[in-house]
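Here my numbering runs 12 ahead of the position in the sequence shown, where the first position is 1.
Inspection log for the structure reproduced underneath, given as structure tokens.
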Amino acid sequence: MKTTVITVDRNMDNKNSYEQAVGILENSGVVAFPTETVYGLGALATDENAVNKIFQAKGRPSDNPLIVHIGTKEEVSKYAEGMTTAAEMLMDAFWPGPLTIVFERIPGVIAPNVTPGVSTVGVRMPDHPVALELLRKLKGPLAAPSANRSGKPSPTEAKHVAEDLDGLIPLILDGGQTGIGLESTVIDMTTTPPIILRPGGVTREMIEEVIGPVAVSANEATEEAPRSPGMKYAHYAPEAPLFIIESNAERIKNAVAQIQADNKKVAVVGPDNFKVPNADWYFAIGSSGDNEKMSASLYKALRDCDLTDADVILATETDLSGVGTAFMNRLLKASNGKRYNS
Ligand code: TXA
Ligand code: MG
13 MKTTVITVDR NMDNKNSYEQ AVGILENSGV VAFPTETVYG LGALATDENA VNKIFQAKGR
73 PSDNPLIVHI GTKEEVSKYA EGMTTAAEML MDAFWPGPLT IVFERIPGVI APNVTPGVST
133 VGVRMPDHPV ALELLRKLKG PLAAPSANRS GKPSPTEAKH VAEDLDGLIP LILDGGQTGI
193 GLESTVIDMT TTPPIILRPG GVTREMIEEV IGPVAVSANE ATEEAPRSPG MKYAHYAPEA
253 PLFIIESNAE RIKNAVAQIQ ADNKKVAVVG PDNFKVPNAD WYFAIGSSGD NEKMSASLYK
313 ALRDCDLTDA DVILATETDL SGVGTAFMNR LLKASNGKRY NS
């Protein structure tokens, strides 16, 4: 299959591009598109055959539910039942935006392979002009996981989608770099208290300000594993072992020297304001303390590390303020919990 990449931006007449995308989706095809978090690989959520193509292209285990993306808040009542005041307050506060809400599902509307093994459905309204325009023109819900091959970091640029899925999907809508760079927060509103299954751009503090106390899952959702079976599948791990390290230039310099003394090459993912002259590769991802910028650049840097011959990757930690919780959650997975302690 030939993969076409089309640039869609504000300054262009994109009518034909959207028509092409909608044509593919209405004919049971898949299309990659940008959202404010990461690129998604979309299929019409009511079309089982189309949704199957997502799993095939990604090489994704088929027992993990997909998020349903909608273009207006009102549509949620077509797919979700048992709406609560708290869930409505979250929708009003954070939609469109990086919050996926898990509701009880109305049976028989969404294709069964979108929600394997669960009686619920995760829904979000993305905050990206291209995603919203696509949904408006399609007039239907889009099931869409992140548009990476399973086991790779989520794509934050159209180029990353092409690296993973070239030849496997017909169309990529290129809307430039995504803003947040980490996947949406997932909150299950079917339980009391509600439970955050995956941290993301909408933080626990922001949620609690609106609806009061929520729980955080210890055994949280990943792309590869539904909630209860736990960490059934491996999450993204770079080719070289990744260690989390304190964000301290002196400590990193010493760690690099130690590792190199074993004849190993080191790639470092860290802030802009450091100089670690002895690192074999240094990928700067934003100013220290700027958790938003660092989150936006993390996945690109991890992909860059995979393109080097590094034997070891060191990645600096952030504090847990704001999106820092989500950043550290993704780093913990990529490192499998390993820390560099000299
Ligand atoms: O930001 C995002 O959420 C991106 C963009 C494309 O919207 N999508 C994304 O999808 O990250 P994916 O499939 O990579 O991750 C979806 C997560 C998984 O952890 C899945 O287990 C969880 O959401 N999820 C989806 N539906 C669920 C449900 N009904 N119950 C529990 N967890 C659910
Ligand atoms: Mg994913």
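Glycine is no exception: its CB is placed at the ideal position from the N, C-alpha and C atoms.
How big is the Cα-Cα spacing for P46 and H172? On the sequence shown, residue 46 is found 34 positions in, with the first residue counted as 1. On the sequence shown, residue 172 is found 160 positions in, with the first residue counted as 1. Rounded to whole angstroms, P46 to H172 spans 12 Å at the Cα level.
Using a C-beta cutoff of 9 Å, does S309 count as contacting chain C? In the displayed structure, chain C is absent; only one protein chain is listed.
Could you check whether the Cβ of E74 sits closer than 8 Å to any heavy atom belonging to ligand 2? Here residue 74 refers to the residue found at position 62 of the sequence shown. The sequence given here has Ser at residue 74, not Glu. Flag unset: Cβ of S74 not near ligand 2.
Is N160 close to ligand 2? I mean its beta-carbon at under 8 Å from any heavy atom of the ligand. By 1-based counting over the sequence shown, the position of residue 160 is 148. Yes, ligand 2 has a heavy atom inside 8 Å of this Cβ.
Apart from the five residues just before and just after P153, which ones in its own chain have a Cβ nearer than 6 Å to its Cβ? For the purposes of this step, residue 153 is taken as residue 141 along the sequence shown, with counting starting at 1. Once the five neighbours on either side are set aside, the close Cβ partners of P153 are A57, V80 and I82.
What alpha helix (DSSP H) runs, 4 residues minimum, are completely inside the segment 72-127? List check, alpha helix (DSSP H) in window: 88-91 and 97-106.
Which partner residues does D25 have in the DSSP bridge list? In the sequence shown, the residue the question calls residue 25 occupies position 13. Beta-bridge pairing links D25 to no other residue.
May I ask you to check if the CB of K157 is nearer than 8 Å to at least one heavy atom of ligand 2? In the sequence shown, counting from the first residue as 1, residue 157 sits at position 145. Reading off the sequence shown, one finds Pro at residue 157, where the question assumed Lys. Answer for P157: yes, Cβ within range of ligand 2.
Tell me where the alpha helix (DSSP H) around Y311 begins and ends. Counting from 1 along the sequence shown, the entry for residue 311 is found at position 299. That run of the alpha helix (DSSP H) goes N303 to D318.
Please report the distance separating the alpha-carbon of P119 from that of E60. Against the sequence shown, residue 119 aligns to sequence position 107. Against the sequence shown, residue 60 aligns to sequence position 48. Looking at the two C-alpha atoms, the distance is approximately 14 Å.
Here's the rule I'm using: 16 or more other beta-carbon atoms within 10 Å means buried, otherwise exposed. How should V288 be labelled? The residue labelled residue 288 in the question sits at position 276 within the sequence shown. Burial is judged here by how many other beta carbons sit within 10 angstroms of a residue's own beta carbon; V288 has at least 16 and is buried.
Where does S158 sit, in a helix, a strand or coil, going by DSSP? Residue numbering aside, residue 158 sits at position 146 when the sequence shown is read from its first letter. When DSSP states are grouped into helix, strand and coil, S158 belongs to the strand group.
Three-way DSSP call (helix, strand, coil) for R268 in this model: Within the sequence shown, numbered from 1, the residue matching residue 268 stands at position 256. Looking at the sequence provided, one finds Val at residue 268 rather than Arg. Correct three-state label for V268: helix.
Per-residue DSSP class, three states only, for L144: Within the sequence shown, residue 144 is the residue found at index 132, counting from 1. In this structure, L144 counts as helix in the three-state DSSP scheme.
Where do the N-terminal and C-terminal ends of the beta strand (DSSP E) with A55 fall, by residue? Reading the sequence shown from its first residue, position 43 is the one you call residue 55. Where A55 is concerned, the enclosing beta strand (DSSP E) stretches over G52 to L56.
When you compare each of A105, A230 and T197 to V222 by their alpha carbons, which one comes out closest? By one-based count along the sequence shown, residue 222 stands at place 210. Of A105, A230 and T197, the residue nearest in Cα terms is A105.
Check whether the Cβ atoms of I122 and M201 lie closer than 9 Å to each other. Start at 1 with the first residue of the sequence shown, and residue 122 comes out as number 110. Start at 1 with the first residue of the sequence shown, and residue 201 comes out as number 189. It is not a contact, given that the beta carbons lie outside the stated cut-off.
Is the distance from the Cβ of L183 to the Cβ of I66 below 9 Å? Numbered from its first residue, the sequence shown carries residue 183 at position 171. Numbered from its first residue, the sequence shown carries residue 66 at position 54. Not a contact, by the Cβ cut-off of 9 Å.
Measure the beta-carbon distance from G282 to I264 and round it to whole angstroms, keeping in mind my assumption that it falls under 8 Å. Translated into positions along the sequence shown, residue 282 becomes position 270. Translated into positions along the sequence shown, residue 264 becomes position 252. At roughly 7 Å, the Cβ-Cβ gap stays under 8 Å, so G282 and I264 are in contact.
Flag this pair as yes or no: are the beta carbons of P108 and E48 separated by less than 9 Å? Locating residue 108 in the sequence shown gives position 96, counting from the first residue. Locating residue 48 in the sequence shown gives position 36, counting from the first residue. Yes, they are a contact pair.
6 Å Cβ shell around V214 - same chain, five flanking residues per side excluded: Position 202 of the sequence shown, counted from the start, is the residue given in the question as residue 214. Closer than 6 Å at the Cβ level, and outside the excluded window around V214, lie F106, P110, L111 and T197.
If I measure Cβ to Cβ from D292 and keep anything under 7 Å in the same chain, skipping five residues before and after, which residues do I get? Counting from 1 along the sequence shown, the entry for residue 292 is found at position 280. So the list reads K277, V278, A279 and A322, once near-sequence residues are dropped.
Quick check: what's the CA-CA separation for P77 versus N64? Within the sequence shown, numbered from 1, the residue matching residue 77 stands at position 65. Within the sequence shown, numbered from 1, the residue matching residue 64 stands at position 52. Roughly 12 Å between the two C-alpha positions.
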